[in-house]
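> Submitted below is the structure of interest, expressed as structure tokens.
Numbering (my numbering), first residue to last: 3 to 175.
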């Protein structure tokens with residue numbers, strides 16, 4: 003097992019545990035929940051094979067589903083998020099040889115592009131989760147409010163996580 007794979011497994015375990023033990027118990031103003039475990043999907047390298055990305059996404063979503071007792075909601079949403087990763091990123095950056103090997107982060111994309119990418123991914127995930135969870139047209143207002151609030155909250159938390167990880171990498175160099 004290579005050091006990068008081991009690091010990704012450890013990161014996934016830490017993010018899933020923090021989601022299950024901390025973030026699922028915090029509901030900001032009764033409408034916003036942070037989904038920190040999607041950082042593993044958002045931050046995977048673009049050159050990663052799609053099969054592996056979908057597997058990582060499904061497993062991390064399934065782990066959260068098992069511990070939170072939401073039958074398949076997070077697994078489906080995470081898998082769909084993984085499928086949308088490349089189209090969303092390539093909507094903000096040109097598709098060329100240099101971008102095929104990029105690892106989406108604050109240091110590689112810059113703040114403006116990374117913020118748009120991260121907010122789009124957070125919004126996509128939150129809309130999928132709340133739409134699947136509340137699968138009813140009677141609660142469209144609640145879905146919109148919870149999706150928007152959770153997307154912004156998740157965006158801010160993921161931006162902070164990325165800043166912490168970048169500063170740790172830079173200190174090692």
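Glycine residues also receive a C-beta, built at the ideal position from the N, C-alpha and C atoms.
#1: Let me check understanding here. Comparing Cα to Cα, which of 22, 85 and 32 lies closest to residue 58?
#2: Check the C-beta distance from residue 34 over to residue 151 and give it rounded, since I have them as a contact under 8 Å.
#3: Would you mind sorting residue 132 into buried or exposed? The rule is 16 or more other CB atoms within 10 Å of its CB.
#4: With which residues is residue 34 paired in a DSSP beta bridge?
#5: Looking at the secondary structure, which residues open and close the alpha helix (DSSP H) in which residue 94 lies?
#6: What distance in whole Å lies between the Cβ atoms of residue 66 and residue 22, which are believed to be in contact at a cut-off of 8 Å?
#7: Please state whether DSSP places residue 14 in a helix, a strand or coil.
#8: Given this structure, state the Cα-to-Cα distance separating residue 149 from residue 123, to the nearest angstrom.
#9: Compare the beta carbon distance of residue 92 and residue 164 with 9 Å and say whether it is the shorter of the two.
#10: Could you tell me the alpha carbon to alpha carbon distance between residue 39 and residue 60, rounded to whole angstroms?
#11: In terms of alpha-carbon separation, which member of 118, 18, 161 and 77 lies closest to residue 134?
#12: So, helix, strand or coil for residue 45, using DSSP?
#13: With a Cβ-Cβ cutoff of 9 Å, do residue 46 and residue 105 count as a contact?
#14: Pick out whichever of 110, 109, 153 and 19 has its Cα sitting closest to the Cα of residue 68.
Reading it off the structure:
#1: 85
#2: 4 Å
#3: buried
#4: 30
#5: Taken as a continuous stretch (DSSP letters only), residue 94 belongs to no alpha helix (DSSP H), as it is neither H nor E.
#6: 6 Å
#7: helix
#8: 12 Å
#9: no
#10: 12 Å
#11: 77
#12: coil
#13: yes
#14: 19
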